[in-house]
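Have a look at the structure below, then the notes.
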Amino acid sequence: GSRLVFDKHIIALRSFQHDAAPIPPDQGDEEQPERANHNGGVIRFGADGKLYVLFGDQGRRGRMQNLPSGPTLTGLGPVVADDQFGGPGADNAHFSGVILRLNDDGTTPVDNPFYKYGRYTVGGDIGHNIARTYAYGIRNSFGMAFDPYTGNLWDQENGEDAYDEINRIERGMNSGWIQLMGPASRIDGYKRIETTSLFGEDFPNLQQFRWGPERIANGPITAFNRMYKLPGSVYSDPEFSFRYVLAPAGIGFLQSSNLGRRYRGDLFVGFATPDPLGGPIFRFNLSQDRKSLSFVDARLRDKVMDNATFHSTEESESLVFGTNFGIVTDIRTGPNGNLYVVSLANGTIYEVYHR
(Lines of atoms letter the chains of each structure in order from A and count residues from 1; the text may use other names and numbers.)
(Lines give C-alpha, C1' and ligand atoms only; values in the text may rest on other atoms or scores of the structure.)
Protein backbone atom coordinates (compact mmCIF):
# COMPACT_ATOMS: atom_id res chain seq x y z
CA GLY A 1 0.00 0.00 0.00
CA SER A 2 0.94 3.65 0.17
CA ARG A 3 0.67 4.16 3.94
CA LEU A 4 3.61 3.93 6.31
CA VAL A 5 2.38 1.64 9.07
CA PHE A 6 5.55 1.24 11.13
CA ASP A 7 8.60 3.46 11.49
CA LYS A 8 11.14 2.98 14.25
CA HIS A 9 14.89 3.28 14.59
CA ILE A 10 15.95 -0.32 15.30
CA ILE A 11 19.73 -0.37 15.49
CA ALA A 12 22.72 1.87 14.80
CA LEU A 13 25.92 0.27 13.50
CA ARG A 14 29.23 2.09 13.70
CA SER A 15 31.20 1.88 10.44
CA PHE A 16 33.97 4.48 10.85
CA GLN A 17 37.39 2.90 10.90
CA HIS A 18 40.74 4.65 11.22
CA ASP A 19 43.39 2.53 12.84
CA ALA A 20 46.48 4.60 12.06
CA ALA A 21 46.55 6.51 15.33
CA PRO A 22 49.10 7.10 18.10
CA ILE A 23 46.75 5.62 20.71
CA PRO A 24 47.15 2.84 21.74
CA PRO A 25 50.92 3.16 21.17
CA ASP A 26 53.31 0.60 19.72
CA GLN A 27 50.79 -1.45 17.75
CA GLY A 28 52.83 -1.07 14.58
CA ASP A 29 49.93 0.36 12.58
CA GLU A 30 50.88 4.04 12.53
CA GLU A 31 51.34 4.00 8.74
CA GLN A 32 48.17 2.08 7.96
CA PRO A 33 45.76 4.02 5.73
CA GLU A 34 42.20 4.76 6.76
CA ARG A 35 39.78 1.98 5.97
CA ALA A 36 36.05 1.43 6.04
CA ASN A 37 35.17 -2.09 5.07
CA HIS A 38 33.37 -5.17 6.31
CA ASN A 39 30.59 -2.94 7.60
CA GLY A 40 27.74 -4.01 5.36
CA GLY A 41 25.59 -7.03 5.76
CA VAL A 42 22.35 -8.85 5.17
CA ILE A 43 18.97 -8.59 6.88
CA ARG A 44 16.52 -11.50 6.91
CA PHE A 45 13.42 -12.52 8.85
CA GLY A 46 13.36 -16.11 10.07
CA ALA A 47 10.38 -18.43 10.32
CA ASP A 48 10.37 -17.57 14.04
CA GLY A 49 9.44 -13.98 13.16
CA LYS A 50 12.78 -12.68 14.43
CA LEU A 51 15.01 -10.27 12.53
CA TYR A 52 18.52 -11.52 11.77
CA VAL A 53 21.18 -8.91 10.95
CA LEU A 54 24.65 -9.87 9.76
CA PHE A 55 27.55 -7.42 9.55
CA GLY A 56 31.30 -7.78 9.24
CA ASP A 57 34.19 -7.16 11.60
CA GLN A 58 34.77 -3.52 10.54
CA GLY A 59 38.49 -4.11 10.99
CA ARG A 60 38.11 -4.55 14.74
CA ARG A 61 40.46 -6.89 16.59
CA GLY A 62 38.73 -7.66 19.84
CA ARG A 63 36.79 -10.37 21.59
CA MET A 64 34.17 -10.86 18.89
CA GLN A 65 37.12 -11.62 16.57
CA ASN A 66 38.34 -14.30 19.00
CA LEU A 67 41.04 -12.15 20.59
CA PRO A 68 39.92 -12.28 24.25
CA SER A 69 42.60 -9.83 25.42
CA GLY A 70 42.65 -7.74 22.26
CA PRO A 71 45.41 -7.63 19.61
CA THR A 72 48.17 -9.17 21.71
CA LEU A 73 50.57 -11.65 20.14
CA THR A 74 48.18 -14.57 20.68
CA GLY A 75 45.01 -12.74 21.67
CA LEU A 76 45.61 -13.83 25.28
CA GLY A 77 47.48 -12.32 28.22
CA PRO A 78 47.05 -8.86 29.78
CA VAL A 79 44.10 -7.04 28.24
CA VAL A 80 44.94 -4.22 25.81
CA ALA A 81 42.70 -1.79 23.98
CA ASP A 82 41.81 -2.76 20.44
CA ASP A 83 42.26 0.76 19.08
CA GLN A 84 41.79 4.43 19.95
CA PHE A 85 38.05 3.85 20.35
CA GLY A 86 38.41 1.28 23.14
CA GLY A 87 37.72 -2.42 23.19
CA PRO A 88 38.47 -5.29 23.20
CA GLY A 89 35.03 -5.93 24.69
CA ALA A 90 31.91 -5.67 22.54
CA ASP A 91 31.20 -2.02 23.33
CA ASN A 92 29.27 0.00 20.79
CA ALA A 93 32.44 0.78 18.82
CA HIS A 94 33.64 -2.85 18.78
CA PHE A 95 30.45 -4.85 18.42
CA SER A 96 31.14 -6.35 15.00
CA GLY A 97 31.57 -9.59 13.09
CA VAL A 98 28.26 -10.93 14.37
CA ILE A 99 24.76 -12.04 13.48
CA LEU A 100 22.14 -10.33 15.62
CA ARG A 101 18.77 -11.82 16.47
CA LEU A 102 16.13 -9.19 17.30
CA ASN A 103 12.42 -8.85 17.77
CA ASP A 104 10.73 -6.99 14.94
CA ASP A 105 10.61 -3.82 17.06
CA GLY A 106 14.36 -3.92 17.73
CA THR A 107 14.18 -5.29 21.26
CA THR A 108 16.17 -8.35 22.32
CA PRO A 109 14.50 -11.79 22.48
CA VAL A 110 14.86 -13.34 25.92
CA ASP A 111 15.54 -16.75 24.33
CA ASN A 112 18.70 -15.59 22.53
CA PRO A 113 21.68 -17.89 23.20
CA PHE A 114 23.65 -15.36 25.27
CA TYR A 115 20.77 -13.30 26.66
CA LYS A 116 21.10 -14.26 30.32
CA TYR A 117 24.88 -14.03 30.32
CA GLY A 118 24.87 -10.64 28.64
CA ARG A 119 22.09 -9.08 30.68
CA TYR A 120 22.71 -10.51 34.13
CA THR A 121 26.43 -11.33 34.23
CA VAL A 122 28.08 -8.70 32.01
CA GLY A 123 25.58 -5.84 31.97
CA GLY A 124 26.01 -2.37 30.49
CA ASP A 125 26.44 -1.70 26.80
CA ILE A 126 28.69 -4.71 26.34
CA GLY A 127 26.19 -7.03 28.00
CA HIS A 128 23.36 -5.54 25.96
CA ASN A 129 25.27 -6.27 22.77
CA ILE A 130 26.18 -9.80 23.81
CA ALA A 131 22.52 -10.47 24.61
CA ARG A 132 21.58 -9.55 21.04
CA THR A 133 24.16 -11.90 19.53
CA TYR A 134 23.12 -15.08 17.72
CA ALA A 135 26.55 -15.91 16.22
CA TYR A 136 29.99 -14.29 16.20
CA GLY A 137 33.55 -14.74 14.93
CA ILE A 138 32.56 -13.67 11.41
CA ARG A 139 34.99 -11.80 9.15
CA ASN A 140 32.61 -10.55 6.46
CA SER A 141 29.61 -11.73 4.48
CA PHE A 142 27.37 -10.70 1.60
CA GLY A 143 24.97 -13.63 1.73
CA MET A 144 22.60 -15.13 4.28
CA ALA A 145 19.47 -17.22 3.71
CA PHE A 146 17.06 -19.47 5.56
CA ASP A 147 16.42 -22.96 4.23
CA PRO A 148 12.69 -22.83 3.45
CA TYR A 149 12.28 -26.54 4.21
CA THR A 150 13.98 -26.72 7.62
CA GLY A 151 14.36 -23.13 8.82
CA ASN A 152 18.12 -23.62 9.16
CA LEU A 153 20.17 -20.45 8.70
CA TRP A 154 23.03 -20.46 6.18
CA ASP A 155 25.62 -17.85 5.28
CA GLN A 156 28.71 -17.40 3.18
CA GLU A 157 31.77 -15.86 4.74
CA ASN A 158 34.62 -14.18 2.91
CA GLY A 159 38.21 -14.98 3.75
CA GLU A 160 41.13 -12.68 3.10
CA ASP A 161 43.17 -14.72 0.59
CA ALA A 162 42.24 -18.15 1.94
CA TYR A 163 39.19 -20.25 2.70
CA ASP A 164 35.98 -18.50 1.85
CA GLU A 165 33.23 -20.46 3.60
CA ILE A 166 29.66 -21.66 3.32
CA ASN A 167 28.19 -22.32 6.77
CA ARG A 168 25.09 -23.65 8.41
CA ILE A 169 24.76 -21.25 11.33
CA GLU A 170 23.94 -22.97 14.59
CA ARG A 171 22.48 -21.17 17.58
CA GLY A 172 25.35 -19.58 19.54
CA MET A 173 27.90 -20.37 16.85
CA ASN A 174 31.47 -19.08 17.02
CA SER A 175 32.58 -19.10 13.37
CA GLY A 176 36.27 -18.95 14.28
CA TRP A 177 37.63 -15.74 12.75
CA ILE A 178 40.39 -14.52 13.20
CA GLN A 179 41.94 -17.65 14.67
CA LEU A 180 40.49 -19.86 11.94
CA MET A 181 39.16 -19.67 8.40
CA GLY A 182 38.19 -22.89 6.66
CA PRO A 183 38.31 -26.29 8.36
CA ALA A 184 40.35 -26.37 11.55
CA SER A 185 42.42 -29.20 10.08
CA ARG A 186 43.55 -26.81 7.32
CA ILE A 187 44.98 -24.15 9.66
CA ASP A 188 48.51 -24.72 8.33
CA GLY A 189 47.30 -23.90 4.83
CA TYR A 190 45.38 -20.89 6.11
CA LYS A 191 48.54 -19.52 7.72
CA ARG A 192 50.74 -20.35 4.74
CA ILE A 193 48.49 -18.58 2.24
CA GLU A 194 47.86 -15.55 4.43
CA THR A 195 51.57 -15.00 5.11
CA THR A 196 52.25 -14.93 1.35
CA SER A 197 51.33 -11.82 -0.64
CA LEU A 198 49.81 -13.07 -3.89
CA PHE A 199 50.11 -9.90 -5.92
CA GLY A 200 52.44 -7.59 -3.98
CA GLU A 201 49.55 -5.72 -2.37
CA ASP A 202 50.30 -2.57 -0.42
CA PHE A 203 47.90 -3.55 2.35
CA PRO A 204 48.51 -6.22 5.00
CA ASN A 205 47.10 -9.71 4.85
CA LEU A 206 44.30 -10.05 7.41
CA GLN A 207 43.72 -6.31 6.73
CA GLN A 208 45.20 -4.94 9.95
CA PHE A 209 48.87 -4.35 10.79
CA ARG A 210 48.22 -4.77 14.51
CA TRP A 211 47.36 -8.48 14.17
CA GLY A 212 49.13 -9.94 11.15
CA PRO A 213 48.95 -13.48 9.74
CA GLU A 214 52.26 -14.48 11.33
CA ARG A 215 50.28 -14.63 14.59
CA ILE A 216 47.96 -17.38 13.36
CA ALA A 217 48.37 -20.47 15.56
CA ASN A 218 50.51 -23.41 14.47
CA GLY A 219 47.77 -25.95 15.06
CA PRO A 220 44.02 -26.25 15.62
CA ILE A 221 44.22 -27.05 19.34
CA THR A 222 46.20 -23.88 19.99
CA ALA A 223 43.69 -21.91 17.92
CA PHE A 224 40.76 -23.36 19.88
CA ASN A 225 42.45 -22.54 23.18
CA ARG A 226 42.86 -18.92 22.12
CA MET A 227 39.22 -18.35 21.15
CA TYR A 228 36.76 -16.12 22.99
CA LYS A 229 34.26 -18.58 24.40
CA LEU A 230 30.91 -17.14 25.39
CA PRO A 231 29.01 -19.56 27.67
CA GLY A 232 27.16 -22.05 25.48
CA SER A 233 28.92 -21.07 22.27
CA VAL A 234 29.74 -23.78 19.73
CA TYR A 235 32.27 -24.03 16.93
CA SER A 236 31.82 -26.16 13.83
CA ASP A 237 33.79 -26.38 10.62
CA PRO A 238 32.23 -24.82 7.52
CA GLU A 239 30.06 -27.02 5.34
CA PHE A 240 32.21 -25.98 2.37
CA SER A 241 35.35 -23.93 1.75
CA PHE A 242 37.31 -22.57 -1.19
CA ARG A 243 41.06 -22.99 -0.66
CA TYR A 244 41.89 -19.76 -2.50
CA VAL A 245 39.50 -16.85 -2.62
CA LEU A 246 36.62 -16.83 -5.09
CA ALA A 247 34.61 -14.30 -3.03
CA PRO A 248 31.10 -15.76 -2.76
CA ALA A 249 28.35 -13.20 -2.26
CA GLY A 250 24.56 -13.51 -2.57
CA ILE A 251 23.03 -16.90 -1.72
CA GLY A 252 19.52 -18.31 -1.90
CA PHE A 253 17.47 -21.51 -1.96
CA LEU A 254 15.13 -22.54 -4.76
CA GLN A 255 11.72 -23.14 -3.21
CA SER A 256 10.00 -24.74 -6.20
CA SER A 257 10.34 -27.41 -8.89
CA ASN A 258 10.12 -24.91 -11.75
CA LEU A 259 13.63 -25.67 -12.96
CA GLY A 260 13.06 -29.40 -12.57
CA ARG A 261 12.63 -31.58 -9.51
CA ARG A 262 16.37 -32.13 -9.14
CA TYR A 263 16.88 -28.42 -8.41
CA ARG A 264 14.19 -28.12 -5.76
CA GLY A 265 15.66 -27.04 -2.42
CA ASP A 266 19.16 -26.53 -3.77
CA LEU A 267 21.42 -23.71 -2.56
CA PHE A 268 22.59 -21.25 -5.21
CA VAL A 269 25.66 -19.06 -4.65
CA GLY A 270 26.77 -15.98 -6.60
CA PHE A 271 30.08 -14.14 -6.36
CA ALA A 272 31.40 -10.68 -5.53
CA THR A 273 33.65 -10.42 -8.57
CA PRO A 274 33.14 -11.16 -12.28
CA ASP A 275 36.36 -13.19 -12.30
CA PRO A 276 36.36 -16.00 -13.22
CA LEU A 277 33.70 -17.07 -15.76
CA GLY A 278 32.16 -13.60 -15.94
CA GLY A 279 30.59 -14.11 -12.53
CA PRO A 280 29.33 -17.67 -12.09
CA ILE A 281 26.51 -19.13 -10.05
CA PHE A 282 27.31 -22.34 -8.20
CA ARG A 283 24.64 -24.85 -7.25
CA PHE A 284 24.90 -27.01 -4.13
CA ASN A 285 22.76 -30.04 -3.41
CA LEU A 286 21.92 -30.66 0.25
CA SER A 287 22.13 -33.93 2.16
CA GLN A 288 18.98 -35.86 3.02
CA ASP A 289 18.71 -34.23 6.45
CA ARG A 290 19.59 -30.83 4.90
CA LYS A 291 22.27 -30.18 7.51
CA SER A 292 25.21 -30.47 5.12
CA LEU A 293 26.04 -30.40 1.42
CA SER A 294 26.20 -33.41 -0.88
CA PHE A 295 28.68 -33.82 -3.74
CA VAL A 296 28.88 -36.06 -6.81
CA ASP A 297 32.54 -35.12 -7.38
CA ALA A 298 34.67 -37.23 -5.04
CA ARG A 299 37.27 -34.44 -4.91
CA LEU A 300 34.79 -32.28 -2.98
CA ARG A 301 33.85 -34.80 -0.33
CA ASP A 302 36.45 -33.32 1.99
CA LYS A 303 34.26 -30.17 1.85
CA VAL A 304 37.06 -28.11 0.28
CA MET A 305 37.45 -26.92 -3.31
CA ASP A 306 41.22 -27.11 -3.70
CA ASN A 307 41.68 -24.53 -6.43
CA ALA A 308 45.28 -23.77 -7.43
CA THR A 309 45.37 -20.03 -6.83
CA PHE A 310 43.36 -16.85 -6.41
CA HIS A 311 40.12 -16.87 -8.50
CA SER A 312 40.93 -20.18 -10.20
CA THR A 313 38.22 -22.80 -10.63
CA GLU A 314 39.81 -26.24 -10.26
CA GLU A 315 37.38 -28.78 -8.76
CA SER A 316 34.36 -26.55 -9.45
CA GLU A 317 33.14 -28.21 -12.64
CA SER A 318 30.24 -30.06 -11.00
CA LEU A 319 29.12 -26.91 -9.17
CA VAL A 320 28.81 -24.43 -12.05
CA PHE A 321 25.15 -23.70 -12.76
CA GLY A 322 25.60 -20.60 -14.93
CA THR A 323 28.12 -17.97 -15.97
CA ASN A 324 28.34 -14.25 -16.84
CA PHE A 325 26.08 -13.03 -14.05
CA GLY A 326 28.65 -10.44 -12.89
CA ILE A 327 28.65 -9.45 -9.21
CA VAL A 328 25.66 -11.19 -7.61
CA THR A 329 24.21 -9.55 -4.51
CA ASP A 330 21.00 -11.55 -4.04
CA ILE A 331 19.30 -14.76 -5.17
CA ARG A 332 15.62 -15.43 -4.46
CA THR A 333 12.70 -17.60 -5.48
CA GLY A 334 10.03 -15.39 -7.02
CA PRO A 335 6.27 -15.66 -6.46
CA ASN A 336 6.07 -17.54 -9.77
CA GLY A 337 8.60 -20.13 -8.55
CA ASN A 338 11.41 -19.06 -10.87
CA LEU A 339 14.91 -18.14 -9.69
CA TYR A 340 15.79 -14.44 -9.61
CA VAL A 341 19.39 -13.21 -9.57
CA VAL A 342 20.40 -9.61 -8.79
CA SER A 343 23.57 -8.53 -10.63
CA LEU A 344 25.15 -5.34 -9.30
CA ALA A 345 27.82 -5.27 -12.01
CA ASN A 346 25.36 -5.69 -14.87
CA GLY A 347 22.63 -3.54 -13.36
CA THR A 348 20.19 -6.35 -14.04
CA ILE A 349 17.75 -8.68 -12.31
CA TYR A 350 17.83 -12.00 -14.16
CA GLU A 351 14.92 -14.43 -14.19
CA VAL A 352 16.05 -18.04 -14.56
CA TYR A 353 13.33 -20.39 -15.81
CA HIS A 354 12.86 -23.71 -17.57
CA ARG A 355 11.83 -23.62 -21.23
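In this text, residue positions in the sequence shown follow this note's numbering: the first is 1, and each later residue adds one.
Note that the Cβ used here is the ideal one computed from N, Cα and C, for glycine as well.
ask   = Cα separation between Gly56 and Trp177?
value = 11 Å
task = List the DSSP bridge partners of Met173.
result = Ala135, Val234
Residue range of the unbroken beta strand (DSSP E) whose run includes Asp330 = 328-333
request  = Indicate whether Asp48 and Arg61 have their beta-carbon atoms separated by less than 8 Å.
outcome  = no
query = Three or more beta-carbon pairs under 8 Å between the region 334-346 and the region 253-272, yes or no?
reply = yes
ask   = Buried or exposed: where does Leu4 fall if 16 or more other Cβ atoms within 10 Å of its Cβ makes it buried?
value = Low confidence applies here, because Leu4 scores a pLDDT of 48, under 50, leaving its location unreliable and the question unanswered by this model.
task = For Leu300, name the three-state secondary structure that DSSP assigns.
result = DSSP places Leu300 in helix when its eight states are reduced to three.
request  = Whole angstroms is fine: what's the gap from Arg215's alpha carbon to Val79's?
outcome  = 17 Å
task = State the start and end residues of the unbroken alpha helix (DSSP H) segment that holds Thr195.
result = Segment: none, Thr195 is in no alpha helix (DSSP H) and carries neither H nor E.
Run of the beta strand (DSSP E) containing Asn285, from where it starts to where it stops = 281-286
message = Just to check my reading of the structure: Arg390 and Thr150 have Cβ atoms closer than 8 Å, yes? What is that Cβ distance to the nearest angstrom?
response = Coverage of the chain is limited to positions 1 through 355, which leaves residue 390 absent and any answer about it impossible.
message = Pairs of beta-carbons, one from the region 103-115 and one from the region 137-147, closer than 8 Å: are there three or more?
response = no
inquiry  = Considering only the alpha carbon of each residue, which of Tyr163, Ala184, Asp237 lies closest to Leu358?
reply    = With the chain represented from 1 up to 355, any question about residue 358 goes unanswered, as that position is not in the structure.
ask   = To which residues of the same chain is Asp306 closer than 8 Å at the C-beta, ignoring the five residues directly before and after it?
value = Arg243, Arg299, Glu314, Glu315
ask   = When you compare each of Pro238, Val53, Lys229, Ala345 to Val304 by their alpha carbons, which one comes out closest?
value = Pro238
task = Quick one: using the 10 Å Cβ neighbour count with 16 as the cut-off for buried, is His354 buried or exposed?
result = exposed
key: Environment of Gln288 [buried if 16+ CB atoms lie within 10 Å]   = It counts as exposed.
task = May I have the straight-line CA-CA distance separating Glu364 from Glu157, to the nearest angstrom?
result = In the structure as shown, the chain starts at 1 and stops at 355, and residue 364 therefore has no counterpart that could be examined.
message = According to DSSP, is Tyr228 part of a helix, a strand, or is it coil?
response = Assignment of Tyr228 by DSSP, reduced to helix, strand and coil, places it in the coil class.
ask   = Between the Cα of Pro183 and the Cα atoms of Ala223, Phe295, Arg171, which residue gives the shortest distance?
value = Ala223
request  = Taking 8 Å as the cut-off, decide whether the C-beta atoms of Gly89 and Ile126 are in contact.
outcome  = Yes, the pair counts as a contact, with Cβ atoms nearer than the cut-off.
task = Would you kindly check if the distance between the Cβ of Glu194 and the Cβ of Ser236 is under 8 Å?
result = no
query = Do Ile130 and Tyr117 come within 8 Å of each other at the CB atom, strictly closer than that value?
reply = yes
request  = Enumerate in chain order the residues of its own chain whose CB-to-CB distance from Ser256 is below 7 Å, with the five nearest sequence positions on each side excluded.
outcome  = Arg264, Thr333, Gly337
key: Among Gly159, Pro335, Leu180, the one whose alpha carbon lies nearest that of Asn258   = Asn258 has its Cα closest to that of Pro335, out of Gly159, Pro335, Leu180.
request  = Give the secondary structure of Met64 by DSSP, where H, G and I count as helix, E and B as strand, and everything else as coil.
outcome  = helix
message = Does Pro220 come out as helix, strand or coil in the three-state DSSP assignment?
response = helix
message = At the level of alpha carbons, what is the spacing between Val352 and Pro276?
response = 20 Å
key: Every unbroken alpha helix (DSSP H) inside the region 76-161 [4 residues or more]   = Those alpha helix (DSSP H) runs which fall completely within the region 76-161 and span 4+ residues are 124-131.
ask   = Taking C-alpha atoms, which residue in Gly86, Phe325, Leu319 lies nearest to Asn346?
value = Among Gly86, Phe325, Leu319, the Cα nearest to that of Asn346 belongs to Phe325.
ask   = For Leu267, which residues does DSSP report across the bridge?
value = Beta-bridge pairing links Leu267 to Phe253, Phe284.
Glu317 versus Val122 - alpha carbon distance = So the alpha carbons of these two residues sit roughly 49 Å apart.
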